[in-house]
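Residue numbers (our numbering): 3 to 137. Heads up, the beta-carbon is just placed ideally off N, CA and C, and yes, glycines get one too. Bear in mind that the values here come from a model prediction, so they are computed numbers and not experimental data.
(1) Would you be able to state if there are at least three C-beta pairs under 8 Å between the segment 120-128 and the segment 92-108?
(2) How is the alpha helix (DSSP H) around residue 72 delimited, first residue to last?
(3) Since residue 9 and residue 32 are thought to touch, with beta carbons under 8 Å apart, how far apart are those beta carbons, to the nearest angstrom?
(4) For residue 85, count the other beta carbons within 10 Å of its own beta carbon; 16 or more makes it buried, fewer makes it exposed. Which is it?
(5) Using the Cα positions of residue 60 and residue 111, report the straight-line distance between them to the nearest angstrom.
(6) Looking at C-alpha atoms only, which residue of 89, 52 and 78 is the closest neighbour of residue 23?
(7) Check this for me: beta carbons of residue 47 and residue 21, under 7 Å apart or not?
(8) Shortest alpha-carbon distance to residue 30 belongs to which of 56, 83, 64 and 106?
(9) Apart from the five residues on each side of it in sequence, which residues of its chain come closer than 7 Å, Cβ to Cβ, to residue 78?
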């Protein structure tokens with residue numbers, strides 16, 4: 003259950019409409035997902051969040067789009083963000099993620115979580131060869 007409801011007629015606000023129109027343009031889809039509807043109560047939050055998402059996730063970079071979605075999905079799993087897990091699983095699938103790749107991602111995330119907990123629980127010191135300041 004949400005902590006607040008999205009406002010009605012959000013696109014009557016010109017700032018919200020501009021962001022929603024840009025989301026539609028960039029994603030080449032008329033669909034505006036709930037994330038944007040729910041944060042649109044604050045135009046600054048909406049504009050800044052979309053600007054960051056667009057820059058990092060949509061603009062060409064050294065990391066391929068599906069890989070970006072897999073990273074986002076892994077972090078969303080680690081952070082227990084149900085909404086983001088669903089959203090970025092769908093996005094990764096739309097960018098070509100197969101069922102085998104999804105299964106491998108889940109194996110990697112679960113392995114990383116387990117070994118992270120072991121390392122944190124034991125407070126294992128970082129090897130000097132991994133410390134950039136010492137090399």
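The relevant details are as follows:
(1) no
(2) 67-80
(3) Contact flag wrong, Cβ pair sits at about 20 Å.
(4) exposed
(5) 24 Å
(6) 52
(7) no
(8) 56
(9) 86, 87 and 90
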